[in-house]
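A.B. asks:
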Amino acid sequence: METKKCLIMCRTGMGSSMMLKIKVDKLIDKNGYPMDVTHDAFSGFAGQQNVDIIITMEDLIEEFKNSKAYVIGVKDIMDMNFLEGELNKYFELEKAKENR
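Mapping to this note's numbering: the sequence shown position 72 is 55, numbers consecutive.
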């Protein structure tokens, strides 16, 4: 599977997105997800249209409704099980597409 581009966004691009990036990096190490991860403020999204996965806080999901990316809305930054489950779901969908 090709490496997927993941963008983690929050309103300011500092606290929440940085914490989520650290969590996602740990999940990449644990599960071997083929993805490159960056983080940014929501205002930086305009220049980042070619992403496969967007991880953001739940209150920003609506802002990405027209995006072609797979969007994961996080309610609790500390809930690694939720994040891991959502990433597993995404990669299972991608694997199924490849096997068609």
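Virtual Cβ for every residue (Gly too), placed ideally from N, Cα, C.
Just so it is clear, the structure is predicted and the values come from calculations on it, not from any experiment.
1. In whole angstroms, give me the CA-to-CA distance for K(-12) and M61.
2. Take E69 and list the residues in its own chain whose beta-carbon comes closer than 7 Å to its own, dropping the five residues that flank it on each side.
3. Just checking my contact of K78 with M(-16) at CB under 8 Å: how many whole Å lie between their CB atoms?
4. Exposed or buried, which one is K9 when buried takes at least 16 other CB atoms within 10 Å?
5. Excluding the 5 residues flanking K4 on each side, which residues of the same chain have their C-beta closer than 7 Å to its C-beta?
6. State buried or exposed for T39, treating a residue as buried only when at least 16 other CB atoms are found within 10 Å of its CB.
7. Under a three-way DSSP split, which group does M40 fall into?
8. Would you tell me roughly how many angstroms separate the C-alpha atoms of M63 and F74, rounded to the nearest one?
C.D. replies: Short version:
1. 22 Å
2. I55
3. Right, their Cβ atoms sit about 7 Å apart.
4. exposed
5. I(-9), V20, H22
6. buried
7. Note: M40 maps to strand in three-state DSSP.
8. Answer to the nearest angstrom: the Cα atoms are 16 Å apart.
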